[in-house]
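Participant: Here you go, one structure.
Number of protein chains: 2
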Amino acid sequence: MALRAGEHSQEAANGLKEKVLTLDSMNPYVRRVEYAVRGPIVQRALELEQELRQGVKKPFTEVIRANIGDAQAMGQIPITFPRQVLALCVHPDLLNSPDFPDDAKRRAERILQACGGHSLGAYSISAGVQMIREDVARYIERRDGGIPADPNNIFLSTGASDAIVTVLKLLVTGEGRTRTGVLIPIPQYPLYSAALAEFNAVQVDYYLDEERAWALDVAELRRALRQARDHCRPRALCVINPGNPTGQVQTRECIEDVIRFAFEEKLFLLADEVYQDNVYAESSQFHSFKKVLTEMGPPYAAQQELASFHSISKGYMGECGFRGGYVEVVNMDAAVKQQMQKLRSVRLCPPTPGQVLLDVAVSPPAPSDPSFPRFQAERRAVLAELAAKAKLTEQVFNEAPGIRCNPVQGAMYSFPRVQLPPRAVQRAQELGLAPDMFFCLRLLEETGICVVPGSGFGQREGTYHFRMTILPPMEKLRPLLEKLSQFHVKFTREYS
Amino acid sequence: MALRAGEHSQEAANGLKEKVLTLDSMNPYVRRVEYAVRGPIVQRALELEQELRQGVKKPFTEVIRANIGDAQAMGQIPITFPRQVLALCVHPDLLNSPDFPDDAKRRAERILQACGGHSLGAYSISAGVQMIREDVARYIERRDGGIPADPNNIFLSTGASDAIVTVLKLLVTGEGRTRTGVLIPIPQYPLYSAALAEFNAVQVDYYLDEERAWALDVAELRRALRQARDHCRPRALCVINPGNPTGQVQTRECIEDVIRFAFEEKLFLLADEVYQDNVYAESSQFHSFKKVLTEMGPPYAAQQELASFHSISKGYMGECGFRGGYVEVVNMDAAVKQQMQKLRSVRLCPPTPGQVLLDVAVSPPAPSDPSFPRFQAERRAVLAELAAKAKLTEQVFNEAPGIRCNPVQGAMYSFPRVQLPPRAVQRAQELGLAPDMFFCLRLLEETGICVVPGSGFGQREGTYHFRMTILPPMEKLRPLLEKLSQFHVKFTREYS
Chain Z
8 MALRAGEHSQ
18 EAANGLKEKV
28 LTLDSMNPYV
38 RRVEYAVRGP
48 IVQRALELEQ
58 ELRQGVKKPF
68 TEVIRANIGD
78 AQAMGQIPIT
88 FPRQVLALCV
98 HPDLLNSPDF
108 PDDAKRRAER
118 ILQACGGHSL
128 GAYSISAGVQ
138 MIREDVARYI
148 ERRDGGIPAD
158 PNNIFLSTGA
168 SDAIVTVLKL
178 LVTGEGRTRT
188 GVLIPIPQYP
198 LYSAALAEFN
208 AVQVDYYLDE
218 ERAWALDVAE
228 LRRALRQARD
238 HCRPRALCVI
248 NPGNPTGQVQ
258 TRECIEDVIR
268 FAFEEKLFLL
278 ADEVYQDNVY
288 AESSQFHSFK
298 KVLTEMGPPY
308 AAQQELASFH
318 SISKGYMGEC
328 GFRGGYVEVV
338 NMDAAVKQQM
348 QKLRSVRLCP
358 PTPGQVLLDV
368 AVSPPAPSDP
378 SFPRFQAERR
388 AVLAELAAKA
398 KLTEQVFNEA
408 PGIRCNPVQG
418 AMYSFPRVQL
428 PPRAVQRAQE
438 LGLAPDMFFC
448 LRLLEETGIC
458 VVPGSGFGQR
468 EGTYHFRMTI
478 LPPMEKLRPL
488 LEKLSQFHVK
498 FTREYS
Chain R
8 MALRAGEHSQ
18 EAANGLKEKV
28 LTLDSMNPYV
38 RRVEYAVRGP
48 IVQRALELEQ
58 ELRQGVKKPF
68 TEVIRANIGD
78 AQAMGQIPIT
88 FPRQVLALCV
98 HPDLLNSPDF
108 PDDAKRRAER
118 ILQACGGHSL
128 GAYSISAGVQ
138 MIREDVARYI
148 ERRDGGIPAD
158 PNNIFLSTGA
168 SDAIVTVLKL
178 LVTGEGRTRT
188 GVLIPIPQYP
198 LYSAALAEFN
208 AVQVDYYLDE
218 ERAWALDVAE
228 LRRALRQARD
238 HCRPRALCVI
248 NPGNPTGQVQ
258 TRECIEDVIR
268 FAFEEKLFLL
278 ADEVYQDNVY
288 AESSQFHSFK
298 KVLTEMGPPY
308 AAQQELASFH
318 SISKGYMGEC
328 GFRGGYVEVV
338 NMDAAVKQQM
348 QKLRSVRLCP
358 PTPGQVLLDV
368 AVSPPAPSDP
378 SFPRFQAERR
388 AVLAELAAKA
398 KLTEQVFNEA
408 PGIRCNPVQG
418 AMYSFPRVQL
428 PPRAVQRAQE
438 LGLAPDMFFC
448 LRLLEETGIC
458 VVPGSGFGQR
468 EGTYHFRMTI
478 LPPMEKLRPL
488 LEKLSQFHVK
498 FTREYS
């Protein structure tokens with residue numbers, strides 16, 4: 008701030024008028040937004056990459072971006088069938104090409120028939136192409152053992168983030184002590200804290216239990232809610248399952264407890280289920296909130312309000328760049344649903360290519376289709392490798408002194424706890440950095456490994472973590488994990 | 008509301024608890040949002056289409072959606088080259104196909120090289136693929152006669168709407184009489200009123216001069232500003248050029264006046280220039296705000312803050328569904344720019360396919376490229392047909408009694424003024440409808456023509472308009488215009 012004030016005086020001295028829009032005069036809620044996954048550490052990683060390209064000598068030859076769940080950036084090959092379908096939709100001349108399988112052509116034709124002007128270049132309706140909403144509904148029904156899903160409760164979106172932000176936005180009201188409070192897990196995916204900061208809603212933290220593999224404990228929900236009621240009006244509860252950044256997969260019993268709690272306490276439930284296809288632990292299984300809620304029967308089934316989010320960015324496709332996703336709303340007030348529809352219409356429609364890939368994701372080739380064997384083989388290979396990498400990550404970290412890593416039951420991240428020596432903590436404080444930010448920055452500078460400090464996700468006071476994706480290719484992952492562990496030993500020695 | 012209260016009592020009687028999220032308890036600012044382009048009239052159009060499909064007898068055989076600037080939905084054929092490039096990027100196996108021209112392959116390879124993991128499936132950086140930002144900068148430089156553009160001032164976006172909303176969001180602060188006021192034209196494109204309602208900012212209306220072909224008059228800006236200062240803090244001025252829904256193209260002199268006014272009054276300028284390639288009138292020419300501002304020299308060139316928006320949805324491509332666009336910021340405070348970058352990073356990145364199409368839009372085939380002749384022919388055909396349709400629309404409407412239409416100098420819409428007889432106005436009021444909404448609904452029910460009432464864009468009290476796109480294919484457009492004019496005669500007779 009001192010520096011900026013100086014700049015202002017300089018400008019004044021030069022006879023320049025002050026800008027209309029400055030740090031001091033801009034939206035204060037936007038200023039408060041933080042998003043660690045693409046924060047300062049990633050800026051520094053970009054700079055290092057540039058320096059490497061310019062031939063600057065470094066103790067490493069490449070930067071490894073293990074900061075973000077971006078499978079294809081880490082070398083994962085796109086699944087063939089969805090890309091074929093999309094290429095056909097983009098350039099329908101290819102429908103005459105012998106190089107594409109018949110089922111891909113049939114699928115592309117079916118999608119184009121459902122698009123305005125039979126082209127991806129037309130806007131779709133704001134909720135997404137109706138046929139794709141119907142395919143999503145059928146996918147949910149299959150996933151949930153036949154429980155009905157209504158296409159009119161499904162809204163396609165620009166990635167899951169877009170839908171999550173929309174639902175949170177609907178919930179925000181009040182001022183002072185009546186402001187909307189939203190319960191979010193700690194550690195959390197920082198989209199939640201960022202959106203709540205921007206909307207000036209109250210973030211209500213509930214802590215996941217690291218000692219029990221990041222389990223969600225209803226007693227802790229109750230504590231968080233009780234305390235929050237003193238200063239805000241809690242109206243919603245966010246759950247991330249499988250967990251990001253924590254990788255746990257919730258048990259059915261836990262989900263039932265959460266639903267009972269939400270119902271009793273009159274909380275709208277947001278279930279971030281974008282990693283529903285990413286479950287690796289043999290003892291774990293994904294249970295959707297919608298299914299559990301419905302099977303619990305009355306009063307939950309017909310009354311508990313729920314929004315469940317999914318995405319094409321994760322799972323086995325990892326098609327992040329296309330920005331596809333959806334939300335299914337359950338038991339939402341009809342008039343509110345109309346308001347949501349109206350709000351979304353202002354942004355016209357989600358990108359059509361993401362809608363196409365979502366259609367394939369929810370309705371993949373059937374066993375009788377020509378593309379089935381290849382699709383199935385590619386899909387299995389991706390998921391098997393992710394499972395192996397989850398296992399390896401946990402193993403290597405738990406062999407390292409001073410690092411402890413819960414099992415990566417699902418999702419795409421490990422979130423190990425690191426011990427940092429008191430002198431390192433002190434040094435970080437002198438530099439005005441969170442201790443784990445200091446650790447991660449040093450790690451980046453010395454090894455080229457880019458991970459995100461736990462402070463960007465939230466953690467219990469006095470504990471330190473980092474989030475690292477399990478996505479680097481197998482041949483790089485083991486050396487990476489070992490390098491990181493060795494760096495931690497060296498760092499600990501340096502500050503002991 | 009009476010009905011809803013009744014519903015509540017019914018629920019209570021059935022022992023159902025009230026929903027957490029209701030019309031009464033939701034975000035009140037979202038409730039205030041209106042977006043006429045996809046409002047109730049379009050809902051009704053969808054219903055009519057469904058009824059037609061079900062064989063219900065109507066006085067028409069198809070619904071013509073002239074409500075939205077969606078060229079491909081109206082039958083415009085996509086330009087070949089950008090679709091080829093995108094298909095190659097989506098499915099790189101095609102790089103070996105003999106069916107694609109070399110320049111399309113080279114372009115696709117160049118784009119993929121610049122993507123994470125050489126794939127569109129990776130996230131790009133939040134501001135967009137760096138190489139594409141550089142191509143946009145070179146496009147702006149060519150457009151503006153060599154005035155430099157910095158790629159780091161260019162942020163790619165999910166259509167222009169996304170970027171417009173982001174810049175508005177940065178500007179919103181204050182409460183009560185210090186709330187941010189934003190000057191917007193009336194008639195306006197309702198994205199502006201919707202965003203300001205959502206952000207609880209103050210919409211400050213300045214009226215375009217219908218008598219002078221919707222010209223922007225600085226005296227009117229001054230009046231609006233003076234009045235606004237009593238109840239808010241005006242900080243920004245939005246200009247849409249070429250105009251939407253009004254179709255005027257601003258003169259260079261007018262733009263200079265606006266820039267001087269913004270500078271004197273300390274207003275951040277937002278220039279919505281998404282129709283910059285859509286100029287039809289021979290006497291009109293597009294001048295970018297950036298170019299004019301720079302050529303005006305000091306103090307404007309180095310100080311006036313500006314954000315200029317562009318899109319792939321309009322122009323000659325009309326690739327609405329892909330959601331591509333960008334904003335160039337000029338003279339923006341460096342710290343604010345960083346905040347904008349941070350805010351955008353929360354949503355990860357704009358969809359990569361839209362980025363690819365944007366790259367082609369800003370960097371089309373050169374005369375020496377194999378695809379040039381075809382590209383040029385297709386581009387010219389689209390623009391020539393749009394120009395002819397703009398002319399025809401103006402002509403036919405101005406021959407009709409009781410309809411008066413300003414020249415459609417640019418963009419994609421006519422916004423004719425219609426006389427409505429007092430008895431029709433009275434009938435509308437009895438029905439609780441805006442008079443032009445009543446007219447447009449009757450038009451839809453009797454002819455299948457879907458246009459948007461002027462009340463959705465704003466207009467001077469006591470005047471009535473509708474917005475109709477010029478996009479229907481030529482062979483349909485003339486009968487459509489005549490049918491509409493005849494309906495107006497009949498409607499006028501009915502209520503006289």
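If you read the protein sequences in the order shown, they are chains Z and R.
Numbering-wise (the working numbering), the first sequence opens with residue 8 and increments by one.
Numbering-wise (the working numbering), the second sequence opens with residue 8 and increments by one.
All residues carry an ideal CB built from backbone N, CA and C; glycine is no exception.
(1) Should Phe329 of chain Z be flagged as near chain R, meaning a C-beta pair shorter than 7 Å?
(2) Could you please tell me which residues of the stretch 26-48 of chain R, in chain order, have their CB closer than 9 Å to any CB of chain Z?
(3) Pick helix, strand or coil for Gly328 of chain R, following the three-state DSSP scheme.
(4) Would you verify that the beta carbon of Glu179 of chain Z is, or is not, closer than 7 Å to some beta carbon of chain R?
(5) Could you check the C-alpha separation between Leu399 of chain R and Glu69 of chain R for me, to the nearest Å?
(6) Give the interface partners of Ser168 of chain R over in chain Z, defined as CB-CB distance under 9 Å, in chain order.
(7) Are any of the Cβ atoms in chain Z nearer than 7 Å to that of Ser273 of chain R?
(8) Examine chain Z for any beta-carbon lying closer than 7 Å to the beta-carbon of Asp77 of chain R, and answer yes or no.
(9) Which parts of the stretch 170-205 of chain Z are runs of the beta strand (DSSP E), unbroken and 3 residues or longer, counting only runs that do not cross its ends?
(10) Thinking C-beta only, is Glu280 of chain Z closer than 7 Å to Ser315 of chain Z?
(11) At 7 Å on the CB atoms, spell out the chain R contacts of Lys176 of chain Z, in chain order.
(12) The stretch 308-337 of chain R: which residues have C-beta closer than 7 Å to a C-beta of chain Z, in chain order?
(13) Going by beta-carbon coordinates alone, are Asp77 of chain Z and Ala121 of chain R separated by less than 7 Å?
(14) Between Leu228 of chain R and Gln195 of chain Z, what straight-line distance do the alpha-carbon atoms span, to the nearest angstrom?
(15) If we define contact as Cβ-Cβ less than 7 Å, is Asp157 of chain R a contact residue for chain Z?
(16) Any idea what DSSP makes of Pro241 of chain R, helix, strand or coil?
(17) Which first and last residues belong to the beta strand (DSSP E) in which Gln210 of chain R is found?
(18) For Val174 of chain R, which residues from the same chain have a beta carbon less than 7 Å from its beta carbon, with the 5 sequence-adjacent residues on both sides left out?
(19) Taking Cβ-Cβ distances below 9 Å as the criterion, which residues of the stretch 81-94 of chain R are in contact with chain Z?
(20) Counting only the same chain and skipping the five closest in sequence on each side, list residues whose C-beta sits under 6 Å from that of Arg351 of chain R.
(21) Judging by CA-CA distance, which residue of R:Met419, R:Gln493, R:Leu163 is the nearest neighbour of Ala144 of chain R?
(22) Show which residues of chain R have a CB atom less than 9 Å away from the CB atom of Gln346 of chain Z.
(23) To the nearest whole angstrom, what separates the beta carbons of Arg51 of chain Z and Leu448 of chain Z, a pair I think is in contact under 8 Å?
(24) Give me the subset of the stretch 186-220 of chain Z whose CB atoms are less than 9 Å from a CB atom of chain R, sorted by chain position.
(25) Just the Cα atoms here: how many angstroms apart are Ile147 of chain R and Leu365 of chain R?
(26) Would DSSP call Pro514 of chain R helix, strand or coil?
(27) Going by the DSSP bridge assignment, what does Met475 of chain R pair with across the sheet?
(28) Look up Glu335 of chain Z in the DSSP assignment and give the residues it is bridged to.
(29) Can you name the residues of chain Z whose CB is closer than 9 Å to the CB of Arg60 of chain R?
(30) Using 7 Å as the limit for Cβ to Cβ distance, is Leu487 of chain Z near chain R?
(31) When the cut-off is 7 Å and only beta carbons count, does Ser129 of chain R lie next to chain Z?
(32) For the beta strand (DSSP E) containing Ala278 of chain Z, name the first residue and the last one.
(33) At 7 Å on the CB atoms, spell out the chain R contacts of Leu393 of chain Z, in chain order.
(34) Since Arg242 of chain R and Phe275 of chain R should fall inside the 8 Å C-beta cutoff, what is the C-beta to C-beta distance between them, to a whole number of angstroms?
(35) Going by the beta-carbon positions, is the gap between Val496 of chain Z and Tyr42 of chain R smaller than 7 Å?
(36) Can you tell me whether Ala19 of chain Z is buried or exposed, with buried defined as 16 or more other CB within 10 angstroms of its CB?
Facilitator: Based on what the coordinates show:
(1) True, the Cβ-Cβ gap to chain R drops below 7 Å.
(2) Correct list: Lys26, Val27, Leu28, Thr29, Leu30, Ser32, Met33, Asn34, Pro35, Tyr36, Val37, Arg38, Val40, Glu41, Tyr42, Val44, Arg45, Gly46.
(3) Helix at Gly328 of chain R.
(4) The question names Glu, but residue 179 of chain Z is Val in the sequence shown. Judged by the 7 Å Cβ criterion, Val179 of chain Z is in contact with chain R.
(5) Each residue's Cα considered, the two are about 22 Å apart.
(6) Chain-ordered, the chain Z residues with CB closer than 9 Å to the CB of Ser168 of chain R read Val353, Arg354, Leu355.
(7) In the sequence on display, residue 273 of chain R carries Lys and not Ser. True, the Cβ-Cβ gap to chain Z drops below 7 Å.
(8) Chain Z contact via Cβ: present.
(9) Given a length threshold of 3 residues, each whole run of the beta strand (DSSP E) inside the stretch 170-205 of chain Z is given here in chain order: 187-193.
(10) Their beta carbons are under 7 Å apart, which means Ser315 of chain Z touches Glu280 of chain Z by this criterion.
(11) Per Cβ cutoff of 7 Å: Asn34, Val37.
(12) Taking 7 Å as the Cβ-Cβ cut-off, the stretch 308-337 of chain R approaches chain Z at Gln310, Glu312, Gly325, Glu326, Cys327, Gly328, Phe329, Arg330, given in chain order.
(13) The beta carbons of Asp77 of chain Z and Ala121 of chain R sit no closer together than 7 Å.
(14) Straight-line measurement puts the Cα of Gln195 of chain Z at about 47 Å from the Cα of Leu228 of chain R.
(15) Not one chain Z Cβ lies under 7 Å of Asp157 of chain R.
(16) Three-state result, Pro241 of chain R: strand.
(17) If you look at Gln210 of chain R, you'll find it in the beta strand (DSSP E) that goes 209-214.
(18) Taken in chain order, the residues that qualify are Leu277, Ala314, Val334.
(19) Cβ contacts with chain Z come from Met81, Gly82, Gln83, Ile84, Pro85, Thr87, Arg90, Gln91, Leu93, Ala94.
(20) Excluding sequence neighbours, Arg351 of chain R sits near Ser133.
(21) Out of R:Met419, R:Gln493, R:Leu163, R:Leu163 has the C-alpha closest to the C-alpha of Ala144 of chain R.
(22) In chain order: Leu30, Met33, Asn34, Val37, Arg38, Val40.
(23) Indeed, because the Cβ distance is near 7 Å, the residues count as touching under 8 Å.
(24) Within the stretch 186-220 of chain Z, the qualifying residues are Thr187, Pro197, Leu198, Ala201, Ala202, Glu205, Phe206.
(25) Rounded to whole angstroms, Ile147 of chain R and Leu365 of chain R show a C-alpha spacing of 13 Å.
(26) Absent from the model: residue 514 of chain R. The displayed extent of chain R is 8 to 503, so no value can be given.
(27) DSSP, once it has assigned bridges, lists R:Ser421 as partnering Met475 of chain R.
(28) In the DSSP assignment, Glu335 of chain Z forms a beta bridge with Z:Ile161, Z:Ser315.
(29) Under the 9 Å cutoff, chain Z gives no residues; its nearest Cβ is about 12 Å from Arg60 of chain R.
(30) Not closer than 7 Å to any Cβ of chain R, the Cβ of Leu487 of chain Z fails to qualify, so no.
(31) Sequence check: residue 129 of chain R is Ala here, not Ser. Chain Z contact via Cβ: present.
(32) Its beta strand (DSSP E) spans residues 275-279.
(33) Result: empty, since nearest Cβ-Cβ is about 15 Å, beyond 7 Å.
(34) Arg242 of chain R to Phe275 of chain R, Cβ: 6 Å. Contact.
(35) No, Cβ-Cβ distance for Val496 of chain Z and Tyr42 of chain R is not below 7 Å.
(36) Note on Ala19 of chain Z: pLDDT 46, under 50, position unreliable in the model; the coordinate value appears next. For Ala19 of chain Z, the number of other beta carbons within 10 angstroms of its own is below 16, and it is reported as exposed.
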